[in-house]
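Here the structure is laid out as structure tokens; the discussion comes afterwards.
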Amino acid sequence: ASLPYLLLPVGIGILHGLGSNVRFYRAVMLDELYRDYVCSARAKGCGESRVLFHHVLRNAWIPVITNLMLSIPFLYTGSLLLESFFGIPGLGYLSVNAIHSADVDVVRAVVLIGSFLYLLSNLTADLLYAWVDPRVRLS
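In structure tokens form, the structure reads like this:
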């Protein structure tokens, strides 16, 4: 019964960063497409799909992972704003009410959760770097 009421907040949450993210991913891929190793792979006779998926995408993953992982804490803070704006009962609504009523403990907990998400997403990004590109590993 409440699904139609969630369409607008979810749509705004999805469309908010979609344009800038798509432009960023396109710029990263176009930047990698004109590197010397891509020209060398094409000159060796590799197929276009092999060049794209094996060479270009492998090197383009690093900035994409950074962007995706750092957007996770911003999704959290964005949901705080969306919940408070649309009056959806949740963590965002609770935190805005806590700020208005000067409930310091709840505000601390919300900031702690946001900080933990930021640290966890950075750690996950570093681990994914080593998995995607073996040259990044420390040992």
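Position 136, counted from 1, in the sequence shown is what this note's numbering calls 145; the numbers after and before it change by one each time, with no gaps. Positions of the beta carbon are idealized from the N, C-alpha and C atoms, including for glycine. If you're wondering where the values come from, they're calculated on a predicted model, not measured in any experiment.
Query: Best match in SER130, GLU41, ILE122 for proximity to ARG67 [C-alpha to C-alpha]; Result: GLU41
Query: ASN30 versus ALA134 - alpha carbon distance; Result: 17 Å
Query: Limits of the unbroken alpha helix (DSSP H) element including PHE62; Result: Where PHE62 is concerned, there is no enclosing alpha helix (DSSP H), given that its DSSP letter is neither H nor E.
Query: Neighbour-count burial assignment, LEU89, 16 or more Cβ in a 10 Å radius; Result: buried
Query: 8 Å Cβ cutoff met for SER110 and TYR102; Result: no
Query: ARG146 in three-state terms, based on DSSP; Result: coil
Query: Buried or exposed (CB count within 10 angstroms, at least 16 for buried), LEU91; Result: buried
Query: The stretch 115-123 touching the stretch 51-60, judged by at least three CB pairs closer than 8 Å; Result: no
Query: With 16 other Cβ atoms within 10 Å as the buried cut-off, status of PRO82; Result: buried
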